[in-house]
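**Q** A single structure is presented below for examination.
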Amino acid sequence: MRKRLGEFLTTNKLITKEQLDQAQELQKGTPAPLSRLLVSLGYISEEKLLSSLAAQFGVSPWNFAENPPSSEAVQHLPGSICKMYQVMPVDLRGDLLVLAMQNPNDLEAIDTVRNLSGLRVEPVFPDRERLYKAIETAYGSHQLTEGVDALVIGALNSARGTTSTKGGKEGHNLDDEEDNYVISLVNTLLSDAIRMGASDVHIEPRLDKVEIRYRIDGQMQKVRELPKDLMPMVVTRLKIMAELDIVEFRVPQDGRVGAIIDGRDVDMRISVLPNHHGQRIVLRILDKSVSLKTMEQLGFTDRNLNTFRTLIKKPYGMVLVTGPTGSGKTTTLYAALMELRKITNNIMTCEDPVEYELNGINQSQVNDKVGLTFATQLRAILRQDPDIILVGEVRDGETAETALRASMTGHLVLSTLHCNDSPSAVPRLLDMKVDPFLLSTSLIGVMSQRLLRVLCPHCRMERQPSEEDSAILRHHMAGLRDDPDFAFAVERGILPSTFEAKGCAACSGRGYKGRTTVHEIMAVTGEVAKAIGERAQIDELRLTAAKYGYHPMYEEAMRMVLEGVTSLAEATRVVFFETDFSSQLPMQVERRKAAAV
């Protein structure tokens, strides 16, 4: 196996170790190849880099800028072969065909070209991007994505069918250049996803192909397709990385993959699910090098931030953060723990899994396979003299009751729950057979949250709302009547303009860049606790909470729309908006009554 590029260049003193470190640091924010970054930074010339790479293969370099392919040479090979093997005939010298190759060691490609052309073949090494452009120019447009096509072709055609188990528990280095095409293909798929900031990688078998999709900023994006024949090899490689059973394909499997990219550790949770057309794989990416956010960085309004801080600083009681998977609940709770962390506090967690390591906090992980459930772990934690406890998720009645009883005995308990909004947490827990009296005396607050994509500031477009959007704006702006920034418009029925996504180079054409959080908080006051204990209907619970400052999430989302933070289309996609416009929202009436008193 050849040396990695950075090692080769520093060993031969073509660049310094400091220059390599700077280029690798810059590479963390972009999927650009290391070679391209080194040239753009001026650390090495393109000519010298090309010569160095060619020397690794033991062949001569070929500069397309100075020596374009000759028409005589191009005529000796069909475009399909050039596209398949990523080669390009560039010169004809008697019976010798000079062949620019992405991989000059690909003997199968050389044999194929020799048999088709009837000529001797001399491989040379070109710049990869210039090779792609030369093939496009000579044989027509086709999609080439950072060398993935070449890896796909190599994986399909290579006689080397075995899959290496290189990596181990210490982490698979996704930067390594592998001799095995399948390993290189999987490494490229994962490293591209990490560098693009994806939270999940979906590998989905279809009838006649395999689709690769990344979830970026909460949205699924199709990035490429693979031939169906590659799916068994990709599945086997990923299972080996996660130490799963490679011969079991009838039942779902879960595991984890440790990886190293650009010198930083990344943890990936892998889920394998038998599907109609094969085994579907999803990898959740957890970049351990990403710094945790503070409370101020989570998109709280001043009112919600003060309310949430008041709740988590109480000496005992249970605080829940609710929302669907991927809504940032764990990030919020970690930010809360970082704020509560003191030398005088004993903070303990039970999680599944431990997503990020927090200094000064005692973290533990459940293991259902050996009977270590959330409830079992929580009971053990209570014997460890804790002050604050984080329970990763309330999944069943046993965990819920154990956590609530812990909060009654002088502990502050923070946890997450899957439900639609803050008031819905109450019937969700009651459905788990939690005693209403226990719930009403232990629960001190519930916060629900979602992640909204933020409009790209470079290309967002101002527009007048459509008739349908106007109805939504007119109705839901009424909830902002107590906000001086919008009170004038609300009272006079003036509809402000909103912004929509357009797309530019800064946001990769998506129109959005990054995400922010939208919240709603229901503090459990005495009257709310009484309603919980009496098993009040959820609508009655909402009205009671509204008297004490509960603002539903759609009001906070509407505020972000009117401030130009996000678009109305994004807000209505993520947050549930009431569509019954026949009367004024009862919660707004209750808040105004309470304010008048």
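Residue 436 in the numbering used here sits at position 443 of the sequence shown, with consecutive numbering throughout. Glycine residues also receive a C-beta, built at the ideal position from the N, C-alpha and C atoms.
(1) Cβ of R206 within 7 Å of Cβ of A191?
(2) So, L445 versus T509, is the Cβ gap smaller than 7 Å?
(3) Need the endpoints of the beta strand (DSSP E) that Q246 sits in, please.
(4) Jot down the residue ranges of each uninterrupted alpha helix (DSSP H) in the region 298 to 342, minimum 4 residues, whole runs only, in chain order.
(5) Rounded C-beta distance between A396 and L365? I'm assuming under 8 Å.
(6) Would you kindly report the start and end of the unbroken beta strand (DSSP E) that includes R606?
(7) Excluding the 5 residues preceding and the 5 following D260 in the sequence, name in chain order all residues of the same chain whose CB lies nearer than 7 Å to its CB.
(8) Between which two residues does the beta strand (DSSP E) harbouring S408 extend?
(9) Is the beta carbon of I437 sitting closer than 7 Å to the one on G292?
(10) Out of M425, R273, V439, R217, point me to the one whose CA is closest to F301's CA.
(11) I'd like the span of the alpha helix (DSSP H) that includes V521, first residue to last.
(12) From which residue to which residue does the alpha helix (DSSP H) around Q442 run?
(13) So, using beta-carbon positions, are W55 and V83 closer together than 7 Å?
(14) Any idea if V244 is buried or exposed, counting beta-carbon neighbours within 10 angstroms, 16 or more meaning buried?
(15) Check the DSSP bridge columns for G271 and list the partner residues they point to.
(16) Taking the alpha carbon of V427 as the point to measure from, which residue in K232, V387, N5 has its own alpha carbon closest?
(17) Given this structure, state the Cα-to-Cα distance separating L200 from G271, to the nearest angstrom.
(18) Can the beta-carbon of M515 be found closer than 7 Å to that of P429?
(19) Taking buried to mean at least 16 other C-beta atoms within 10 Å of its own C-beta, is V179 buried or exposed?
(20) Between A538, Q530, I531, A464, which has its C-alpha nearest T565's C-alpha?
(21) Residues in its own chain within less than 7 Å of L7 by CB, not counting five upstream and five downstream?
(22) Residues bridged to N360 by DSSP?
(23) Whose C-alpha, out of D345, F492, R230, is nearest the C-alpha of M551?
(24) Is N5 buried or exposed, if buried means 16 or more other CB atoms sit within 10 Å of its CB?
(25) Just how far apart, CA to CA, sit L182 and T537?
(26) Quick check on the DSSP output: the beta strand (DSSP E) that includes Y505 runs from which residue to which?
(27) Can you give me the Cβ contacts of D380 inside the same chain, cut-off strictly under 6 Å, excluding the 5 residues immediately before and after it?
(28) Could you pull the DSSP bridge partners for R86 from this structure?
(29) Considering only their Cβ atoms, is the gap separating A524 from L534 smaller than 7 Å?
(30) As a quick exercise: from F57, A127, L27, pick the residue whose alpha carbon is nearest that of G72.
(31) Look up T287 in the DSSP assignment and say whether it is helix, strand or coil.
(32) On the three-state DSSP scale, how would you describe L279?
(33) What would DSSP say about T181, mapped onto helix, strand or coil?
(34) Looking at C-alpha atoms only, which residue of S560, M189, Y78 is the closest neighbour of V216?
(35) Are the CB atoms of H451 and C497 nearer to each other than 7 Å?
**A** Reading from the atomic positions:
(1) Taking the first residue of the sequence shown as 1, we reach residue 206 at position 213. Taking the first residue of the sequence shown as 1, we reach residue 191 at position 198. No.
(2) Numbered from its first residue, the sequence shown carries residue 445 at position 452. Numbered from its first residue, the sequence shown carries residue 509 at position 516. Cβ atoms of L445 and T509: closer than 7 Å.
(3) By 1-based counting over the sequence shown, the position of residue 246 is 253. Segment 246 to 254, the beta strand (DSSP E) holding Q246.
(4) 322 to 333
(5) Residue 396 sits at position 403 when you count from the first residue of the sequence shown. Residue 365 sits at position 372 when you count from the first residue of the sequence shown. No, A396 and L365 are not in contact; Cβ-Cβ is about 16 Å, not under 8 Å.
(6) Examination of residue 606 is not possible in this model, given that the chain is present from -6 through 590 alone.
(7) Your numbering for residue 260 matches position 267 in the sequence shown. The residues are R249, G251, L279, K281.
(8) By 1-based counting over the sequence shown, the position of residue 408 is 415. Here the beta strand (DSSP E) through S408 covers 405 to 410.
(9) Residue mapping note: residue 437 aligns to position 444 of the sequence shown, counting from 1. Residue mapping note: residue 292 aligns to position 299 of the sequence shown, counting from 1. Against a cut-off of 7 Å, the Cβ pair of G292 and I437 comes out as no contact.
(10) Position 308 of the sequence shown, counted from the first residue, corresponds to residue 301. For the residues M425, R273, V439, R217, the minimum Cα distance to F301 belongs to V439.
(11) Position 528 of the sequence shown holds residue 521. From DSSP, the alpha helix (DSSP H) with V521 extends over 519 to 526.
(12) The residue you call residue 442 lines up with position 449 of the sequence shown. Element bounds for Q442: not the alpha helix (DSSP H) but the beta strand (DSSP E), 436 to 448.
(13) Looking up residue 55 in the sequence shown gives position 62. Looking up residue 83 in the sequence shown gives position 90. Contact: yes.
(14) Translated into positions along the sequence shown, residue 244 becomes position 251. By the neighbour-count rule (16 or more Cβ atoms within 10 Å), V244 is not buried but exposed.
(15) Residue numbering aside, residue 271 sits at position 278 when the sequence shown is read from its first letter. Note: G271 sits in a beta bridge opposite N268.
(16) Here residue 427 is taken as the residue at index 434 of the sequence shown, counted from 1. Measuring from the Cα of V427, the nearest candidate turns out to be V387.
(17) By one-based count along the sequence shown, residue 200 stands at place 207. By one-based count along the sequence shown, residue 271 stands at place 278. Those two C-alpha atoms are separated by around 9 Å.
(18) Position 522 of the sequence shown, counted from the start, is the residue given in the question as residue 515. Position 436 of the sequence shown, counted from the start, is the residue given in the question as residue 429. The answer is no: Cβ separation not under 7 Å.
(19) Counting from 1 along the sequence shown, the entry for residue 179 is found at position 186. When all chains shown are included, V179 counts as buried.
(20) In the sequence shown, the residue the question calls residue 565 occupies position 572. The shortest C-alpha separation from T565 is found at A464.
(21) The residue you call residue 7 lines up with position 14 of the sequence shown. Hits under 7 Å: I37, K41, S45.
(22) Your numbering for residue 360 matches position 367 in the sequence shown. Looking at the DSSP assignment, N360 forms a beta bridge with L365.
(23) Walking along the sequence shown from the start, residue 551 turns up at place 558. Among D345, F492, R230, the Cα nearest to that of M551 belongs to F492.
(24) To locate residue 5, count along the sequence shown from 1; it is residue 12. Exposed, since its Cβ has fewer than 16 Cβ neighbours within 10 Å.
(25) Your numbering for residue 182 matches position 189 in the sequence shown. Your numbering for residue 537 matches position 544 in the sequence shown. Rounded to whole angstroms, L182 to T537 spans 51 Å at the Cα level.
(26) Here residue 505 corresponds to residue number 512 of the sequence shown, with the count starting at 1. Y505 -> beta strand (DSSP E) spans 505 to 516.
(27) The residue given as residue 380 occupies position 387 in the sequence shown. Result list for D380: N338, N339, in chain order.
(28) For the purposes of this step, residue 86 is taken as the residue at position 93 of the sequence shown. DSSP, once it has assigned bridges, lists L89 as partnering R86.
(29) Residue mapping note: residue 534 aligns to position 541 of the sequence shown, counting from 1. Residue mapping note: residue 524 aligns to position 531 of the sequence shown, counting from 1. Going by C-beta atoms, L534 is nearer than 7 Å to A524.
(30) Counted from its first residue, the sequence shown places residue 72 at position 79. Of the candidates F57, A127, L27, the one whose C-alpha sits nearest the C-alpha of G72 is A127.
(31) Walking along the sequence shown from the start, residue 287 turns up at place 294. If DSSP states are grouped into helix, strand and coil, T287 belongs with coil.
(32) In the sequence shown, the residue the question calls residue 279 occupies position 286. Here L279 sits in strand by DSSP.
(33) In the sequence shown, the residue the question calls residue 181 occupies position 188. Looking at T181 - three-state DSSP - the assignment turns out to be helix.
(34) In the sequence shown, counting from the first residue as 1, residue 216 sits at position 223. Out of S560, M189, Y78, M189 has the C-alpha closest to the C-alpha of V216.
(35) The count along the sequence shown starts at 1 and reaches residue 451 at position 458. The count along the sequence shown starts at 1 and reaches residue 497 at position 504. Their beta carbons are under 7 Å apart, which means H451 touches C497 by this criterion.
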